[in-house]
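To start, the structure under review is shown below, and the notes come after it.
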Amino acid sequence: MPPHRPAPAPRRPRTGRLAAVLTALTLLGAACAAPATPPRAAQSTTATAPHSRPASPQVRDDLLEVFRQASVTGTFVLMEAESGRTTVVGRERAARRYVPASTFKIPHSLIALETGAVADAEEVIPYGGRPQPRPEWERDMTLREAIAASNVPVFQTLARRIGLARERHWLRRLGYGNRQTGTALDRFWLDGPLAISALEQTGFLARLATGRLPASRRHQRLVRDLLRVERTVDYALFAKTGWGTAGDPGIGWWVGWVERDGRIWTFALNIDVGDDRDAALRIPLGRRLLHRLGVLPYPA
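Dropping the structure here:
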């Protein structure tokens, strides 16, 4: 196990157009927060942000038909990273916070690298030796392999190396969701209290995709490389799924960004997930919406 290095002293955050836009989007998420009695899908896994009145994004609720045709309930947010122009499908749900589940592996990888809990993408991390829900998780993996396989026990090992104090420090530093860990060191992103909205996901990812998080540029580049799932002559796709099962129904995520023609669009989809059939819809629905909104050149 590599020695733990103390977290670096906070640096002054970068300012500029993107920072101002992201602040407005955070406030927008607050303005559209969930009602006092949220629907069943949100009761045990969500939190809401304070109220305020920022400028509105473009609302495309005509595209809710994509979810209706698949017989699921969901939301989708698309953000042009440099300008901050945002399109929302399902505005109220887009502002509601849910457990990030395995989408937290994105900031978690960065936190592990920044704290020295893992040296690089090729270090082998033990899974713990216990039986797992998925047989493919029952082996030690490198960070690169673990994020591709969405290996929960490997990231739980990293969480124990990082420790609650440094997890909390980095959640605050990165401005990630509601920044809450509770006391369950190796479960807080799966069961709560950590929670994040689709709007907040796109803002966080915009800063990562453009290298503007308050963290090492080298580590941000490495995490971006770990997330690349597709490259064609027309575009590159960076993405991560998540499936939180603490609620009933659960919450399914697909988040990431597309690089195309010198531009970057971040996106976040979440849907209610009751079974494997629903979970299998996350990527196809997300790709369909990216195509309908003109970001991916090919339909799902």
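In mature numbering (1 follows the signal peptide of the UniProt record, and there is no 0), the protein residues as written are -33 to -1, 1 to 267. Where is the CB? At the ideal position from N, CA and C, for every residue including glycine.
Mind checking whether S183 and A61 have CB atoms under 8 Å apart?
no
Between the C-alpha atoms of T148 and P100, what's the straight-line distance to the nearest angstrom?
Taking the straight line joining both Cα atoms gives about 24 Å.
Could you say which of W232, D243, T109 lies nearest to A202 if we only look at CA atoms?
One point to set straight first is that residue 202 is Tyr, not Ala, in the sequence displayed. Nearest C-alpha to Y202: W232.
Looking only at its own chain, which residues have a Cβ that is under 7 Å from the Cβ of K207, when we skip the five neighbours before and after it?
S69, T70, K72, I73, L194, V222, G223
Can you check which of these residues, A132, R97, E134, is closest to V119 by C-alpha distance?
The residue with the shortest Cα to Cα distance from V119 is R97.
From the DSSP output, in three-state form, read off A203 for me.
strand
Taking buried to mean at least 16 other C-beta atoms within 10 Å of its own C-beta, is D245 buried or exposed?
buried
Is the segment 172 to 182 touching the segment 25 to 39 in the sense that three or more CB pairs, one from each, lie closer than 8 Å?
Taking a contact to require three or more Cβ pairs closer than 8 Å, the segment 25 to 39 and the segment 172 to 182 do not qualify as touching.
Three or more C-beta pairs under 8 Å: does that hold for the segment 167 to 178 against the segment 48 to 62?
yes
Count the other CB atoms within 10 Å of the CB of S117; is the residue buried (16 or more) or exposed (fewer)?
buried
Alpha carbon to alpha carbon, how far is S263 from R254?
Rather than Ser, the amino acid found at residue 263 in this sequence is Leu. Going from the Cα of L263 to the Cα of R254 covers about 7 Å.
Rounding to the nearest angstrom, what Cα-Cα distance links P(-32) and G211 in this structure?
Residue placement at P(-32) cannot be trusted, given a pLDDT of 45 that sits under 50; what the coordinates show is reported in the next sentence. So the two alpha carbons sit approximately 30 Å from each other.
Which runs of the beta strand (DSSP E) at least 3 residues long sit entirely within the segment 202 to 232? Give them in chain order.
With a minimum length of 3 residues, the continuous beta strand (DSSP E) runs that stay inside the segment 202 to 232 are 203 to 211, 217 to 227.
Taking Cβ positions, are E47 and R259 nearer each other than 8 Å?
no
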